[in-house]
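A.B. asks: Sharing a structure below in structure tokens format, with a few things to ask.
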Amino acid sequence: PHFMIELPEREDALCFNINESPGTIFNLVKDPSIGLLVNGQTIGDKMVAPDGKVNTYFGRLGVVHHSLGVRLEVTTEYINLFQDGQKVKLLWSDQASLKGPSVDLLLTKDRSVKVTLRDSVKFVILLHKVWKMHPYHQDYLGFYTLDSHLLSPSVHGLLGQFYHGIEFEVGDLRPGEVPEKPDATMYVKGHQLNVTRGWQRDFRKDLKRGKNVPCWFIHSNGTGLIDGSAEDYIVSGLF
Amino acid sequence: IRSIQKRSVDDAKMVEVLSVKLHCTVASRFAHTVMTSTALNKANSSQEIFFEVDLPKTAFITNFSMEIEGQIYVGVVNEKEQAKKQYEKAVSSGRTAGLVKASGRKMEKFSVSVNIAAKSNVTFILTYEELLQRKFGKYEILTRINPKQLVQNFQIVADIYEPQGIAFVDAHATFLTNELLPLVEKTVTDNKAHISFSPTLDQQRKCPECDGSLINGDFIIKYDVKRASSLGDIQIVNGYFVHFFAPPDLPRIRKNVVFVIDRSGSMAGPKMIQTRVAMESILSDVHPDDYFGIILFDRSIEPWKQSLTKATEENVDEAIKFVRQIYPRGTTNINDSVMKAIHMLQDDRRNKKLPERSVDMIILLTDGMPNEGESNLQRIQQNVCEAIGGNMTLFCLGFGDDVDYSFLDVMAKQNNGVARRIYEASDATLQLQGFYDEVASPLLSAVDLRYPDNAVDSLTPHHFSQLFNGSEIVVAGRLSENDMDNFLVEVFANGFEQDFQVQGEASVTDWDVIYPEKDYIFGDFTERLWAYLTIQQLLETSKSGPAEEKSNATAKALEMSLKYSFVTPLTSMVVTKPETEEGPSGPLIADKLTEEQRQQADKQGGIGATYLHSAPQSGYMTTAAAPHPTYFVDGD
Numbered sequence: 001p002h003f004m005i006e007l008p009e010r011e012d013a014l015c016f017n018i019n020e021s022p023g024t025i026f027n028l029v030k031d032p033s034i035g036l037l038v039n040g041q042t043i044g045d046k047m048v049a050p051d052g053k054v055n056t057y058f059g060r061l062g063v064v065h066h067s068l069g070v071r072l073e074v075t076t077e078y079i080n081l082f083q084d085g086q087k088v089k090l091l092w093s094d095q096a097s098l099k100g101p102s103v104d105l106l107l108t109k110d111r112s113v114k115v116t117l118r119d120s121v122k123f124v125i126l127l128h129k130v131w132k133m134h135p136y137h138q139d140y141l142g143f144y145t146l147d148s149h150l151l152s153p154s155v156h157g158l159l160g161q162f163y164h165g166i167e168f169e170v171g172d173l174r175p176g177e178v179p180e181k182p183d184a185t186m187y188v189k190g191h192q193l194n195v196t197r198g199w200q201r202d203f204r205k206d207l208k209r210g211k212n213v214p215c216w217f218i219h220s221n222g223t224g225l226i227d228g229s230a231e232d233y234i235v236s237g238l239f
Numbered sequence: 240i241r242s243i244q245k246r247s248v249d250d251a252k253m254v255e256v257l258s259v260k261l262h263c264t265v266a267s268r269f270a271h272t273v274m275t276s277t278a279l280n281k282a283n284s285s286q287e288i289f290f291e292v293d294l295p296k297t298a299f300i301t302n303f304s305m306e307i308e309g310q311i312y313v314g315v316v317n318e319k320e321q322a323k324k325q326y327e328k329a330v331s332s333g334r335t336a337g338l339v340k341a342s343g344r345k346m347e348k349f350s351v352s353v354n355i356a357a358k359s360n361v362t363f364i365l366t367y368e369e370l371l372q373r374k375f376g377k378y379e380i381l382t383r384i385n386p387k388q389l390v391q392n393f394q395i396v397a398d399i400y401e402p403q404g405i406a407f408v409d410a411h412a413t414f415l416t417n418e419l420l421p422l423v424e425k426t427v428t429d430n431k432a433h434i435s436f437s438p439t440l441d442q443q444r445k446c447p448e449c450d451g452s453l454i455n456g457d458f459i460i461k462y463d464v465k466r467a468s469s470l471g472d473i474q475i476v477n478g479y480f481v482h483f484f485a486p487p488d489l490p491r492i493r494k495n496v497v498f499v500i501d502r503s504g505s506m507a508g509p510k511m512i513q514t515r516v517a518m519e520s521i522l523s524d525v526h527p528d529d530y531f532g533i534i535l536f537d538r539s540i541e542p543w544k545q546s547l548t549k550a551t552e553e554n555v556d557e558a559i560k561f562v563r564q565i566y567p568r569g570t571t572n573i574n575d576s577v578m579k580a581i582h583m584l585q586d587d588r589r590n591k592k593l594p595e596r597s598v599d600m601i602i603l604l605t606d607g608m609p610n611e612g613e614s615n616l617q618r619i620q621q622n623v624c625e626a627i628g629g630n631m632t633l634f635c636l637g638f639g640d641d642v643d644y645s646f647l648d649v650m651a652k653q654n655n656g657v658a659r660r661i662y663e664a665s666d667a668t669l670q671l672q673g674f675y676d677e678v679a680s681p682l683l684s685a686v687d688l689r690y691p692d693n694a695v696d697s698l699t700p701h702h703f704s705q706l707f708n709g710s711e712i713v714v715a716g717r718l719s720e721n722d723m724d725n726f727l728v729e730v731f732a733n734g735f736e737q738d739f740q741v742q743g744e745a746s747v748t749d750w751d752v753i754y755p756e757k758d759y760i761f762g763d764f765t766e767r768l769w770a771y772l773t774i775q776q777l778l779e780t781s782k783s784g785p786a787e788e789k790s791n792a793t794a795k796a797l798e799m800s801l802k803y804s805f806v807t808p809l810t811s812m813v814v815t816k817p818e819t820e821e822g823p824s825g826p827l828i829a830d831k832l833t834e835e836q837r838q839q840a841d842k843q844g845g846i847g848a849t850y851l852h853s854a855p856q857s858g859y860m861t862t863a864a865a866p867h868p869t870y871f872v873d874g875d
């Protein structure tokens, strides 16, 4: 999956990829003070493509909010919402709007589910539908944080650690391996990283083609940008 | 010609296309094309038969008719609002109507359908006219053909009459195989050419046993005329005159060009890569005598150098290295970037850094709406126009669908330039280079064509900021007196090293003498050519002219469109369809899309049908949403 931290005030963005073997579960957001967890499990392609590239995506996402008593499971097939011992199962082919005391959920058929957890976080999960007969690829999910300002300063995780901003500087722009993607040096979190100008896609407005967002790409699974290494965010279960 | 087709495959076999004929007559660059198609409904029940034609965007439909069982249904050109009412009435009563749809870069689609009784014939006849534009030293007649099935009588014929004499004629098609190639017949004499292409049923077949047709693609005729006189060619026919001005063998004049390149975040990805590649190529092509500057902009403005630089090999190499390093970021500040370019040219002129005899131009490339600095579009246009003050030319390239094309179009026209859409596609690099090539070699600047005040009226524009190599200036007018003995024509312009000044007397062109065997070309084509040019000029004034002239120009353009039966953006052609067994049918409407409507249609999925109901755009979004960070994870 590709991770993107867009910083409009700096008119810039940071991005990195994390590639681990399919099935790995990563912690994306963790706010222990309110008991919030967002975890994602990766899936791979159906088979290795002729170019030998192994791509992974998120195929299953789990969200738990202990204080609110909410548990949400989103796969490429269905959406399960548990709240106060009650379970609601929705299919992506449904169109639904649920309003509860702790959670609001708006499901747009075959496209997205927007979730608002009362007084904590708002996010949207996109469903990327791939042609069923595609020899290699399969459906996958995208996770977009819409509002995180109510989370505590202790929020962490692969995405969560950036919710309170990040300081970085970029300099020494120079030709890269590919002419259209220059390299530069980034100073971040006390590290000096070789980064490359590139772009990744934001699919919120255009689910099919996405919108290119220019960003500084941090190599090696975001090493140097993220706290610790990608392995540190691997967890054993979705909840 | 996409010609006649049927909804389902089985039913389609019950429709036989008897003939498809395209006859194009060109008289002094004015092309009059008649497309005729006849089909037979072989079924035992009535069927809906479709007629679809791609015609050039620069053409105006002048007539459309259908002949069904001996009855002819003729189109009438109406004011658009009036036609719209008819259309909406038909739609509200549940009846269908035909439409012109947006289609492609050069062509637009005309599409109608009609219900035909069992064992009956239908003949569709569509006529359109256009003034062929000279680009890169050639005129081009483009016909798109896709008859969907084999046609018993298939024919493309073009007759070109050019009293100046024909320099060359090329005819080719994208679908021509070695077998089909000899079927393109071309006869060229001094001042006329005849081209025909008429494959038999068997020659149309993809293979001996199959029904698929090879005939699918573009049929293109290119030609140019001979040019001997520096004054150009003036033709006076039936009380109207037309002056074609493109003198031969002129040396190019030096130019000073500032490229203003958008590098805002929305340019990320292929657009930025294609821009870099195109700029590398364009910079390599800048003539060593020219001066150039580069300004990159997003929210900030970054000039390559603070003044223009001579295009020496070393400077070009350095500039190429600079453009290779453009990367996208930030928002879009069009106002300040264009103003910077204007000031750069003005400062260099003032400090005598630029050759005295040279032309100044700015080429703006952007893909988005201004959302930084001045974002009110009208104020940007006003600022730019006031700063330029008619002393330089502004060309605007709108990359993709997110930019408001009409904003760029008006701004370019207010400053003697043109705007061009660059389509997001794999060939965007070539589109950018192609545009630069068109304007790369100015031959004359401040071109002023003068005619006797007392002898002519209703002149089309006759002052041009530049004449580019391979192009042509066309001026037409109406004669106010019959005495043509002293019809003095003068042209003043700035040339390479000296002023260009020619004068001469025009004489009446007697077509009967030049073409004695052809007593009738297609009516009063010189008058229609004048009307076509005048309407185009009025339509431009109605968009980009001073406020007080806009409504007058619109009213005049509408009046002339109705008088000469041109389907322009102000008019529609309405054809009343015959009644069917189910009851009366709604009218068919043929419309002309503006580039903005085409862009809107492209955004909505390529069909222009919805524009008929869309509200007019009266204002612009001038504020951007407050920025807030976004964090996400997704897959490519």
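Those protein sequence lines, which keep their order, are chains W and V. If you're matching positions, the first sequence starts at 1 in the working numbering and goes up one per residue. If you're matching positions, the second sequence starts at 240 in the working numbering and goes up one per residue. All residues carry an ideal CB built from backbone N, CA and C; glycine is no exception.
To the nearest angstrom, report how far apart V/P567 and V/V728 are at their CA atoms.
C.D. replies: Straight-line Cα distance between these residues: approximately 52 Å.
A.B. asks: For the region 3-28 of chain W, list every residue whose C-beta sits within 7 Å of some C-beta in chain V, in sequence order.
C.D. replies: The region 3-28 of chain W vs chain V, Cβ under 7 Å: F3, M4, I5, E6, L7, P8, E9, E11, D12, L28.
A.B. asks: Please tell me whether V/A685 and V/S697 are closer than 8 Å, where the distance is taken between their beta carbons.
C.D. replies: Not a contact, by the Cβ cut-off of 8 Å.
A.B. asks: What is the DSSP secondary structure of V/M600, reduced to helix, strand or coil?
C.D. replies: V/M600: strand per DSSP, three-state reduction.
A.B. asks: Assuming V/Y378 and V/T765 make a contact with CB atoms under 8 Å, what is their CB distance in whole Å?
C.D. replies: Rounded, the Cβ-Cβ distance is 17 Å, inconsistent with contact.
A.B. asks: Relative to the C-alpha of V/F458, which residue among V/S746, V/N385, V/P486 is closest?
C.D. replies: Ranking V/S746, V/N385, V/P486 by Cα distance to V/F458 puts V/N385 first.
A.B. asks: Could you tell me whether the Cβ of W/G52 comes closer than 8 Å to any Cβ of chain V?
C.D. replies: Cβ-Cβ to chain V under 8 Å: no for W/G52.
A.B. asks: Just to confirm, is the Cβ distance from V/K494 to V/V598 under 8 Å?
C.D. replies: Closer than 8 Å, so yes.
A.B. asks: Nearest to W/Q41 by CA position, among W/D104, W/G165, W/L107, W/L141, is which residue?
C.D. replies: Among W/D104, W/G165, W/L107, W/L141, the Cα nearest to that of W/Q41 is on W/L141.
A.B. asks: Could you give the first and the last residue of the continuous beta strand (DSSP E) run that contains V/I565?
C.D. replies: Careful: V/I565 lies outside any beta strand (DSSP E) and carries neither H nor E.
A.B. asks: Could you name the residues that DSSP lists as bridge partners for V/V713?
C.D. replies: Answer is V/F483.
A.B. asks: Any Cβ of chain W within less than 8 Å of the Cβ of V/D873?
C.D. replies: Taking Cβ atoms only, chain W reaches closer than 8 Å to V/D873, which makes this a yes.
A.B. asks: Give the residues from the region 185-201 of chain W that approach chain V closer than 8 Å (Cβ to any Cβ), ordered along the chain.
C.D. replies: The residues in question are R197, W199, Q200, R201.
A.B. asks: Could you give the C-beta distance for W/R201 and W/N212, rounded to a whole number, given that I count them as a contact under 8 Å?
C.D. replies: W/R201 to W/N212, Cβ: 6 Å. Contact.
A.B. asks: Who are the near neighbours of V/D763 in its chain, counting only those whose CB is closer than 8 Å to its CB and skipping five residues on each side?
C.D. replies: Around V/D763: V476, N477, Y479.
A.B. asks: Do we get a CB-CB distance below 8 Å when we pair W/H128 with the residues of chain V?
C.D. replies: Cβ-Cβ to chain V under 8 Å: yes for W/H128.
A.B. asks: Using 8 Å as the threshold, is the region 525-532 of chain V in touch with the region 205-221 of chain W, meaning 3 or more CB pairs across them?
C.D. replies: Contact between the region 525-532 of chain V and the region 205-221 of chain W is absent, because fewer than three Cβ pairs lie under 8 Å.
A.B. asks: By the 7 Å beta-carbon criterion, what residues does the region 207-219 of chain W contribute toward chain V?
C.D. replies: Flagged, chain order: N212, V213, P214.
A.B. asks: So which residues of chain W does V/A191 contact, with C-beta pairs closer than 7 Å?
C.D. replies: What the structure shows of chain V is the stretch from 240 to 875, and residue 191 of chain V is not part of that stretch, so it cannot be assessed.
A.B. asks: Rounded to the nearest angstrom, what separates V/D687 and V/N655 at their Cα positions?
C.D. replies: For V/D687 and V/N655, the distance between alpha carbons rounds to 14 Å.
A.B. asks: Contact check, V/A667 vs V/Q513 under 8 Å by CB: the rounded distance?
C.D. replies: Yes, V/A667 and V/Q513 are in contact; Cβ-Cβ is about 4 Å, under 8 Å.
A.B. asks: By a C-beta neighbour count over all protein chains shown, 10 Å radius and 16 as the cutoff for buried, is W/Y233 buried or exposed?
C.D. replies: When all chains shown are included, W/Y233 counts as buried.
A.B. asks: Verify whether the separation of the beta carbon atoms of V/Y644 and V/E835 is less than 8 Å.
C.D. replies: In contact: V/Y644 and V/E835 (Cβ atoms closer than 8 Å).
A.B. asks: Is the separation between the beta-carbon of W/Q86 and that of W/S102 shorter than 8 Å?
C.D. replies: No, these two residues do not count as a Cβ contact at 8 Å.
A.B. asks: Which whole runs of the beta strand (DSSP E) in the region 41-106 of chain W are 3 residues long or more, in chain order?
C.D. replies: Fully enclosed beta strand (DSSP E) runs of 3 or longer: 56-65, 70-75, 78-83, 86-91, 96-99.
A.B. asks: Can you list the residues of chain V that W/T76 reaches, using a CB-CB cut of under 9 Å?
C.D. replies: Correct list: empty, because the minimum Cβ distance to chain V is about 12 Å.
A.B. asks: Given a threshold of 16 other Cβ atoms within 10 Å of its Cβ, counted over all protein chains shown, does V/K354 qualify as buried or as exposed?
C.D. replies: Looking at the sequence shown, residue 354 of chain V is not Lys but Asn. Classification for V/N354: buried.
A.B. asks: Between W/E180 and chain V, is the shortest Cβ-Cβ distance under 8 Å, so that the two count as touching?
C.D. replies: Yes, contact with chain V.
A.B. asks: Could you check whether W/G157 and W/V29 sit closer than 8 Å to each other, using their CB atoms as the reference points?
C.D. replies: Yes.
A.B. asks: With DSSP run on the structure shown, which of helix, strand or coil describes W/G142?
C.D. replies: Three-state DSSP puts W/G142 in a strand.
A.B. asks: Note the first and the last residue of the continuous alpha helix (DSSP H) segment covering V/P509.
C.D. replies: From DSSP, the alpha helix (DSSP H) with V/P509 extends over 509-524.
A.B. asks: Does DSSP put W/H219 in a helix, in a strand, or in coil?
C.D. replies: W/H219 falls in the helix class under three-state DSSP.
A.B. asks: Tell me, to the nearest whole angstrom, how far the beta carbon of V/G734 is from that of V/L489; I am working on the premise that it is less than 8 Å.
C.D. replies: Confirmed, Cβ separation roughly 7 Å.
A.B. asks: Any beta carbon from chain W within less than 8 Å of V/P594's own beta carbon?
C.D. replies: It does not: the Cβ of V/P594 has no partner Cβ on chain W nearer than 8 Å.
A.B. asks: Using a Cβ cut-off of 8 Å, pull out every chain V residue sitting near W/G142, in sequence order please.
C.D. replies: Within 8 Å Cβ-Cβ: F871, V872, D873, G874.
A.B. asks: What did DSSP end up calling V/T416 once you bin it into helix, strand or coil?
C.D. replies: Here V/T416 sits in coil by DSSP.
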